[in-house]
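What follows is a set of notes on a single structure, which appears directly below.
Number of protein chains: 2
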Amino acid sequence: MSRSRSQLRLIDVAEQAGVSLATASRALAGREGVSEAVADRVRQVSRDLGYVANPHARQLAGGATSTVGLIVHQIDDLYFSEIASGMIQLAGERGLMVQICHSGRDPDAELAQIRHLSAQRVGVIIVAGSGYTDPGTEAMARAALLAFQERGGRVAVIGRHALNVDAVLPDNRDGGRAITEHLLALGHRRIAVVAGPEELTTVADRLAGAAEALAVHGLSLDRLPVAYADFTCPGGREAAARILRERSTPTAIIALNDAMAIGVLSALRAQRVRVPDEISVVGFNDVSIAQDLAPSLTTVRLPLAEMGRQALAMALKPRSARPRKRATGHHLIVRDSTASVS
Amino acid sequence: MSRSRSQLRLIDVAEQAGVSLATASRALAGREGVSEAVADRVRQVSRDLGYVANPHARQLAGGATSTVGLIVHQIDDLYFSEIASGMIQLAGERGLMVQICHSGRDPDAELAQIRHLSAQRVGVIIVAGSGYTDPGTEAMARAALLAFQERGGRVAVIGRHALNVDAVLPDNRDGGRAITEHLLALGHRRIAVVAGPEELTTVADRLAGAAEALAVHGLSLDRLPVAYADFTCPGGREAAARILRERSTPTAIIALNDAMAIGVLSALRAQRVRVPDEISVVGFNDVSIAQDLAPSLTTVRLPLAEMGRQALAMALKPRSARPRKRATGHHLIVRDSTASVS
DNA sequence: AACGCTTACGAAAGCGCTTACGTACCCTAA
DNA sequence: TTAGGGTACGTAAGCGCTTTCGTAAGCGTT
């Protein structure tokens, strides 16, 4: 790699402004101990020359880091890509870069990612993937995040409970309850569920909410058909097919995310089951295309992009003594995929 | 930021292995001048201790950089997120990190991103966004990429023609022709087009392909309804509504990407137009959900994830004298959204 | 006028790494 | 034996920045 001298260094700016390296550094960092006149001159020269600090040198010297690591299950899942989109936007406004890592829903991979980002000396780590119901697994992730935080890193999680870490928390339980109550209010009693991976707390929480709503009507998830899938569209399709094959005849199917709901709709169509006439279908998250599906999808809206922004914003704020928890609102969005039971 | 000494340094590994810093560095870099025995010992110690090099120090010292910058229009567009997904996967295998930037389809923003990534000293820049039809605009982007390349950076572009730069090139023109020929073969003659942003070469190429196919049948785009939208789902919906409102009565609508096709389907449904009975609809890209739409979408498949992988793989290979161009295949995927004209 | 205190700045150390260069050591050849 | 040449390793410089420390200048106080 030929490293030509063409890249502007801080010393070039300093010389041009007629000050020392140290003064230039202080001026650009907005640090005190520099007269206004000099600071202005340095900033002016810096801008004129188009100077951009070498982030590696800056980080190495103990300065702030300008990159944030975002860990997602899969970036080509609209849930995550909308979160990422919001975060990238805020990062852009703050002059930061977002590094995206896939954990692929593998706790070991996630742990490795956290450790790797940490070793890479990113300044901020944000974990957007759901937590794991297994306490041991979850404890490992927490420990890694806390270790990173101990060393001065900033951390935030999205949709995941973690002690001593800032968090943006959609109320999955409430959402699960709301969507289920909606179906119950429409008269549905034979309700099937296409759940996401069992080991995720997001799934457990949404199921718990659903169970609460069902309990009010004397129903229990144990007695209802529940098929577990992988939060993907084909997964939802197959899960729905399984449910139908078992000759259970639900009047409504709850999919725990929109991608699977799309799969469910697809499976029903393949079986010539009309939605919502014969079976109502609901999703979760309200990803951007949910409203343009056929039929448009009744779902629980989470402010995904906003969640991404907020998580980063929280992490960027100076650390408070107590970790901040920010609940995100959710709305039940009723569209055409649900109808009262006939 | 409290910088505790807890982070492992290369010198720690070196001491543990009983060699000098330089030898440890050489051993881990796989550089020659180290006996096999010593190299093995160093690698072993490094692994045991869980050492990860500080990328900032490494970069500063003139070593290889471990981060690649990826510029997309919007990450929450499935076209880009699937490309990104493939790239992130390969990056993971190679121990690299992917930084994602939004250009938002703004050439100025894109230019700023390239310059910024360049100043940030990333090792690789990959531009996934379409090129611009305006030669001046495009020249600026090229110049910035070449400047980066001159300084030793590695560059690849996806779906964009750029002199002296490696490129992964889906044949948009061919794809546009193929999908149009499909409709023509089904007997459609009154064909409307929902195009993407006019200033993008991707759009121009797909349109050009369509025009070629149409010309064979004595048809011209100039005589057909063409509505420009922004490659988004709502954009496609509105564009389709516009077309219908103009009382043109196409028997088929070509959407230049799948997201807009979803919007088109939605608009048609709102108008109670049956697809494909009354109007056939086609998309482009074959994003993952295309097959589960109602009706499932006839589209042109591009190997998106693979394209992301390939672009990175090309950029990572030692530079060849001539820029590599890699054409990606495309398949016409015929599904339920098209039928012969009645 | 001498003293301390504050303010504005410069000199220089050092972050963790890569690499040019220097130096032992061993092997071969004369 | 000694010179010559390769190999394996150590020493140290230096990447571009931040930051600590030192110092000169300016101020008020007695």
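Chain order of the listed sequences is C and Y.
FYI, this note's numbering numbers position 273 of the first sequence as 273, with every residue one higher than the one before it.
FYI, this note's numbering numbers position 257 of the second sequence as 257, with every residue one higher than the one before it.
Glycine included, each C-beta is placed from N, C-alpha and C at the ideal position.
Within chain C, the residues whose beta carbon sits less than 8 Å from that of Asp-292 of chain Y are Cys-233, Pro-234, Arg-237, Ile-262, Gly-263, Leu-265, Ser-266, listed in sequence order. Per the DSSP secondary-structure output, Gln-99 of chain C pairs in a beta bridge with C:Gly-69, Y:Gln-99. With respect to chain C, the C-beta atom of Met-97 of chain Y has a partner C-beta closer than 9 Å. Among the residues of chain C, those whose CB is under 7 Å from the CB of Asn-54 of chain Y are Arg-121, following chain order. The alpha-carbon separation between Gly-86 of chain C and Asp-171 of chain C amounts to approximately 19 Å. For Gly-131 of chain Y against Arg-160 of chain Y, the beta-carbon gap comes to about 4 Å, under 8 Å, which counts as contact. When the five nearest sequence neighbours on each side are left out, the beta carbons in the same chain lying within less than 7 Å of the beta carbon of Ala-315 of chain C are those of Val-124, Ile-126, Arg-154, Val-155, Ala-156, Asp-166, in order along the chain. Nearest to Gln-149 of chain C by C-alpha distance, out of C:Ala-211, C:Ala-185, C:Leu-207, C:Val-122, is C:Val-122. Taking every protein chain shown into account, the CB of Arg-269 of chain C has 16 or more other CB atoms within 10 angstroms, so this residue is buried. In this structure, Met-307 of chain Y lies away from Thr-338 of chain Y, with their beta-carbon atoms at least 9 Å apart. Proximity of the region 176-191 of chain Y to the region 246-263 of chain Y meets the contact definition, three or more beta-carbon pairs being nearer than 8 Å. Secondary structure at Leu-265 of chain Y: helix, using DSSP grouped into helix, strand and coil. Beta-bridge partners of Ile-253 of chain Y (DSSP): Y:Ala-192, Y:Val-281. Our two residues, Ala-321 of chain Y and Asn-164 of chain Y, have alpha carbons roughly 9 Å apart in a direct line. By the Cβ neighbour-count rule, Ala-267 of chain Y is buried, with 16 or more other Cβ atoms within 10 Å of its own.
The beta carbon of Leu-78 of chain C falls within 9 Å of a beta carbon belonging to chain Y, placing the residue at that interface. Along the region 276-288 of chain C, going in chain order, the ones with a CB nearer than 9 Å to a CB of chain Y are Val-287, Ser-288. Taking 9 Å as the threshold, the shortest C-beta distance from Ala-259 of chain Y to chain C falls below it. Taking the C-beta atoms as reference points, Leu-21 of chain Y is found no nearer than 9 Å to Tyr-51 of chain Y.
Cβ-Cβ separation between Leu-265 of chain C and Val-281 of chain C: approximately 6 Å, consistent with a contact (criterion under 8 Å).
When only Cα atoms are considered, Gln-59 of chain Y and Pro-295 of chain Y end up about 51 Å apart. Within the region 313-336 of chain Y, no residue has its Cβ closer than 8 Å to any Cβ of chain C.
Scanning chain C for C-beta atoms nearer than 8 Å to the C-beta of Arg-189 of chain Y yields nothing, as the closest lies near 26 Å away. Between Arg-335 of chain C and Gln-310 of chain C, the C-beta spacing is not below 9 Å. Between Leu-96 of chain C and Leu-312 of chain C, the gap from beta carbon to beta carbon is short of 9 Å.
In this structure, Ile-243 of chain Y lies near Ala-227 of chain Y, with their beta-carbon atoms less than 9 Å apart. Membership of Arg-154 of chain C in the beta strand (DSSP E) is indicated by the continuous run 154-158. Leu-332 of chain C sits in a strand when the DSSP states are folded into three classes. Y:Arg-94 is the residue among Y:Leu-78, Y:Arg-43, Y:Arg-94 whose C-alpha sits nearest the C-alpha of Lys-317 of chain Y. Taking 9 Å as the CB threshold, Ile-88 of chain Y lines the interface with chain C. With contacts defined as CB atoms closer than 9 Å, Gly-236 of chain Y and Ala-229 of chain Y qualify as a contacting pair. Nearest to Gln-16 of chain Y by C-alpha distance, out of Y:Asp-292, Y:Val-45, Y:Thr-201, Y:Ala-143, is Y:Val-45.
No residue range can be given for Leu-221 of chain Y, since it is assigned to no beta strand (DSSP E) and is classified by DSSP as neither H nor E. Listed along the chain, the chain Y residues whose CB falls inside 7 Å of the CB of Ser-81 of chain C are Ile-75, Asp-76, Ser-81.
Taking 9 Å as the upper bound on Cβ-Cβ separation, chain C lies near residues Gly-50, Tyr-51, Val-52, Ala-53, Asn-54, Pro-55, His-56, Ala-57, Arg-58, Gln-59, Leu-60 of the region 30-60 of chain Y. Nearest C-alpha to Ile-114 of chain C among C:Asp-222, C:Ala-143, C:Thr-202, C:Leu-207: C:Ala-143.
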